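Structure record follows, encoded as structure tokens.
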Amino acid sequence: MKRILLMGTGGTIASESTEAGLAPELTTQQLLSYLPGVEEMAQVECLQLMNLDSTNLQPCHHLEMARCIRRHYDDYDGFVITHGTDTMAYTAAALSYLIQGSPKPIVLTGAQKPIGFDSTDSKINLLDAFRCACEDMPGVSIVFNSRVILGTRARKTRTKSFQAFSSINYPDLGVLRDGVLLRYIRQSCLPRPVFYDRMDQRVALMKLIPGAGREQADFLLARNDALIIESFGVGGLPESGGFDACIRQWMDAGRTIVLTTQVPAEGSDLGVYHVGHRLKNELRVLEAYDMTTEAVVAKLMWILGQTRDRREVERLFYTPVALDILFPAP
Ligand code: ASP
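Sequential numbering of the sequence shown, starting at -15, is according to my numbering.
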């Protein structure tokens, strides 16, 4: 029988009603008690890493999750992490960079309704996560509402419905039907994973709105090592407002700047319009292509945790990790 490590981090799935709203209180052992019969599927051991609303999670918690998996990697066949849905996509992306090429499944799940509620998605999601953790399903994924989504491609796209997550610019890895996994895609893996233990938290994100000038970008670039700008459409920046000078100045000062799009699907293509072309060809900003913003955030934190060399940052950024970027590198 497969040995699975259940790691609890909090979230709605483990929440109970309090006078001040839902708060995570149940332990992993208590979560497991809601799933009688799970012992016929796998031998599960429990570990409580933290018990937090995922809004409160930070990169140090991502590092802690990765460290825990590294420590226990040889003792289990698969790993299930229960997690709040709000930042689950960020954690899934972070773990995809911190643990690369894992032949064993690392599955995140959670729920929109607490496990103790009469109407809840918690039990089916947790059971499905165990099913997937027992399969030959390498790498980091999110199992939610009967779908298996690649860790680097997930985004929370609904705040209330059970169908909370979408896979962005990439198909689902599989679906679960009546407890059976139909796997469409198997991620490639290494004989053993490569673990990383450093992230640079000084990564900022700015969403462009009509009328924005360089002031916000200046503020963020003065305080961070990298700035992601979510621009419009396939990508570009206003030709007035001082953005070009801003980018030149901060890139000369060693900052990394990435252009992406605020449009939900299909990604950036900076070279298409005059408003984007110069950024890529003259100013040499990086562009996200089909990566999710969550993945760009995590990838920059991972890269800048390893190097500050501009060429190396660029090389690593465009090197696919866990199928995060499919667009051909320039
Ligand atoms: N606020 C909760 C969290 O992310 C929402 C959830 O788990 O669904 O922890």
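Ideal Cβ positions, reconstructed from N, Cα and C, are used throughout, including at glycine. If you're wondering where the values come from, they're calculated on a predicted model, not measured in any experiment.
One or two residues paired with residue i in a DSSP bridge
i, result
"T66", "G(-8), T93"
"Q27", "R(-13)"
"G158", "V132, R167"
"K140", "F149"
"Q84", "V178"
"A77", "BP columns for A77 are empty, so no partner."
"A210", "V187, T240"
heavy atom of the ligand ASP below 7 Å from residue i C-beta
i, result
"Q42", "no"
"S38", "yes"
"Q96", "yes"
"D70", "yes"
"T2", "no"
"T(-4)", "yes"
Own chain residues within Cβ distance below 6 Å of residue i, not counting five before or after
i, result
"Q171", "P122, G123"
"I152", "R137, R139, T276"
"L300", "I287"
"H365", "The structure shown does not extend to residue 365, since the chain spans only -15 to 314, so no value can be given for it."
"G220", "Y257, V259, G260"
"T12", "L(-10), G(-8), C30, Q32"
N- and C-terminal bounds of the alpha helix (DSSP H) containing residue i
i, result
"T12", "12 to 17"
"G217", "Element bounds for G217: n/a, residue is neither H nor E."
"A206", "199 to 207"
"M121", "Counting along the chain, M121 falls outside any alpha helix (DSSP H), and DSSP gives it neither H nor E."
"A50", "43 to 56"
"N265", "258 to 265"
"I231", "227 to 236"
Close Cβ partners of residue i (< 8 Å) along its chain, the five nearest in sequence each way excluded
i, result
"E29", "R(-13), I(-12), L(-11), L(-10), Y60"
"N109", "I(-3), T93, G94, A95, V127, F128, N129"
"Q233", "none"
Residue range of the beta strand (DSSP E) that includes residue i
i, result
"T291", "First-last for T291: undefined, no H or E at that position."
"A7", "5 to 8"
"K191", "187 to 191"
"E0", "-1 to 2"
"I241", "240 to 245"
Close-in-space but distant-in-sequence residues of the same chain around residue i (CB under 7 Å, 5 per side omitted)
i, result
"D70", "S38, T39, K140"
"N208", "R186, V187, A188"
"L204", "A188, M190, L211"
"R182", "G289, Q290"
"G100", "E0"
"M34", "T(-7), G(-6), H45"
"P8", "G(-6), G(-5), A(-2), S(-1), N35, L36, D37"
Cβ pair count under 8 Å reaching 3, the stretch 282 to 298 against the stretch 227 to 242 | yes
Report yes or no: do three or more beta-carbon pairs, one from the stretch 64 to 79 and one from the stretch -8 to 4, lie closer than 8 Å?
-> yes
Would you check if there are 3 or more beta carbon pairs closer than 8 Å linking the stretch 210 to 225 to the stretch 182 to 197?
-> yes
Would you call the stretch 99 to 115 and the stretch 73 to 82 touching, i.e. three or more CB-CB distances under 8 Å?
-> no
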